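J.: Take the sequence shown: its position 47, counting from 1, is numbered 38 in my numbering, and each next residue is one higher. Ideal Cβ positions, reconstructed from N, Cα and C, are used throughout, including at glycine. Note that the structure is predicted; figures quoted are calculated from it, not measured. My questions will all concern the structure given below.
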Amino acid sequence: MIRTIGIIGSGQMGTGIAHVTSLSGHTVRLMDTSPESLSRAMQTAEKALERWVSKGKISEQEKDEALARISTSTDMATLSDCDLVIEAATENEEIKRGIFKALVPHLKAEALVATNTSSISITRLAACTDRPHKFIGMHFMNPVPVMQLVEIIRGIATDEETYQAIRELTFKLGKTPAVSEDFPAFIVNRVLQPMINEAVYTLYEGVGSVEAIDTAMKLGANHPMGPLELADFIGLDTCLSVMQVLYEGLADSKYRPCPLLVKYVEAGWLGRKVGRGFYDYSGDVPRPTR
-8 MIRTIGIIGS
2 GQMGTGIAHV
12 TSLSGHTVRL
22 MDTSPESLSR
32 AMQTAEKALE
42 RWVSKGKISE
52 QEKDEALARI
62 STSTDMATLS
72 DCDLVIEAAT
82 ENEEIKRGIF
92 KALVPHLKAE
102 ALVATNTSSI
112 SITRLAACTD
122 RPHKFIGMHF
132 MNPVPVMQLV
142 EIIRGIATDE
152 ETYQAIRELT
162 FKLGKTPAVS
172 EDFPAFIVNR
182 VLQPMINEAV
192 YTLYEGVGSV
202 EAIDTAMKLG
212 ANHPMGPLEL
222 ADFIGLDTCL
232 SVMQVLYEGL
242 ADSKYRPCPL
252 LVKYVEAGWL
262 GRKVGRGFYD
272 YSGDVPRPTR
């Protein structure tokens, strides 16, 4: 039974996963190499839970109990008692491989390992560990507390017991699982990111402005967010990483990242998290940059 969950990475995704796992009654060990990031993560989680209290979704006592179940550390050894460890670091294969190699010596024999990767091969990442049969993809959507879906991706070696345990956990977290085969970018990003990339091409080729493209897709396709607004929300670096995985993994020119997307990432214009992407977030209201 999964009682204690370790989470590696205290960014937006790791913080969100800590929020939902603690609220569901699990003991959470949140680990990151940056004390400052861990401090911000706890502040973010507290504010998010306070909003839930104000909306009547949870009680003040439930908020306090959820926060008390989360402990933070910069030491990988604190994950030694975890039944499951979820990696939620940046979408970079080499970084993730390094994390798993460092993690393995601290794990108890029966511990499961999951990655929140949105695109990278589960089979390949599992091979970095001593337990590919206990390794699985558990791709949460952003923002984690709000979005209902979790993609579950089995690697070639993932056993049935691991799959069933993660599926059961997903339901306990109040989420709905969707099972994907281990192909580049899985289901959601296989469909979503090429659409975003095509929207960037539409901007790049001068077919429409940022505002026109997003308005067209919101009102013409009934999307809650325009594709360029959504790209900023996800992070343009993440969008580019997923497109590179698709392009390299499937060897099809239709997945070639738009040069404008590459240029924005090279400029450090990564979206909301840095204050500029396809929109400028420096003011009270986001403004299109093109």
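Would you give the residue range spanned by the beta strand (DSSP E) that Leu160 belongs to?
T.: Where Leu160 is concerned, there is no enclosing beta strand (DSSP E), although the alpha helix (DSSP H) it sits in stretches over 151 to 163.
J.: Checking the sheet assignment: what are the DSSP bridge partners for Phe131?
T.: In the DSSP output, where bridge partners are listed per residue, Phe131 has Val141.
J.: Are the CB atoms of Arg(-6) and Asp55 within a distance shorter than 9 Å?
T.: No, the Cβ-Cβ distance between Asp55 and Arg(-6) is not below 9 Å.
J.: Is the number of C-beta pairs between the region 201 to 216 and the region 53 to 69 that are closer than 8 Å three or more?
T.: No, because fewer than three Cβ pairs between the region 201 to 216 and the region 53 to 69 fall closer than 8 Å, the two stretches do not touch.
J.: Between Pro96 and Ala68, what straight-line distance do the alpha-carbon atoms span, to the nearest angstrom?
T.: Cα-Cα distance, rounded: 9 Å.
J.: Buried or exposed for Ile225, please, with buried defined as at least 16 other CB atoms from any protein chain shown within 10 angstroms of its CB.
T.: Looking at its Cβ environment, which holds 16 or more other Cβ atoms inside 10 Å, Ile225 is buried.
J.: Would you report the Cα separation of Val265 and Ser45, rounded to the nearest angstrom?
T.: About 28 Å.
J.: Flag this pair as yes or no: are the beta carbons of Gln3 and Pro134 separated by less than 9 Å?
T.: Yes, Cβ-Cβ distance for Gln3 and Pro134 is below 9 Å.
J.: Tell me which same chain residues have a C-beta within less than 7 Å of the C-beta of Cys249, skipping the five on either side of it?
T.: These residues qualify, in order along the chain: Asn188, Val191, Tyr192, Tyr195.
J.: Have a look at the DSSP bridge pairing and note the partners of Thr63.
T.: Looking at the DSSP assignment, Thr63 forms a beta bridge with Leu21.
J.: Beta carbon of Gly165, beta carbon of Val19: below 9 Å?
T.: For Gly165 and Val19, no; Cβs fall outside 9 Å.
J.: Using a Cβ distance threshold of 8 Å, determine whether the region 258 to 275 contacts the region 135 to 144, with at least three qualifying pairs required.
T.: No: fewer than three Cβ pairs fall under 8 Å.
J.: How close, in whole Å, do the beta carbons of Ala93 and Pro123 come, if the pair is a contact with beta carbons under 8 Å?
T.: About 17 Å; that fails the 8 Å criterion.
J.: Below 9 Å between beta carbons: does that hold for Leu21 and Ile(-2)?
T.: Taking 9 Å as the Cβ cut-off, Leu21 and Ile(-2) qualify as a contacting pair.
J.: Near Tyr272, what residues of its chain come up, given a Cβ to Cβ distance below 7 Å and the 5 sequence neighbours on each side ignored?
T.: The residues are Arg263, Gly266.
J.: Let me confirm a value: Met208 is counted as buried when at least 16 other C-beta atoms fall within 10 Å, else exposed. Which label applies?
T.: Result: buried.
J.: Looking at the unbroken alpha helix (DSSP H) that takes in Glu202, where does it start and where does it end?
T.: Unbroken alpha helix (DSSP H) run through Glu202: 201 to 211.
J.: Which of the three DSSP states is assigned to Pro136 in this structure?
T.: Coil, per DSSP.
J.: Where does the unbroken alpha helix (DSSP H) through Thr12 begin, and where does it stop?
T.: 3 to 14 is the span of the alpha helix (DSSP H), which, as asked, contains Thr12.
J.: Do you know how far the Cα of Ala9 is from the Cα of Thr229?
T.: Roughly 21 Å between the two C-alpha positions.
J.: Just the C-alpha distance for Ile157 and Ser200, rounded to the nearest angstrom, thanks.
T.: So the two alpha carbons sit approximately 43 Å from each other.
J.: If you measure between the beta carbons of Phe269 and Leu231, is that distance less than 9 Å?
T.: Taking 9 Å as the Cβ cut-off, Phe269 and Leu231 do not qualify as a contacting pair.
J.: Have a look at Leu98 and Ser110 and give me their C-alpha separation to the nearest angstrom.
T.: Roughly 25 Å separates the two Cα atoms.
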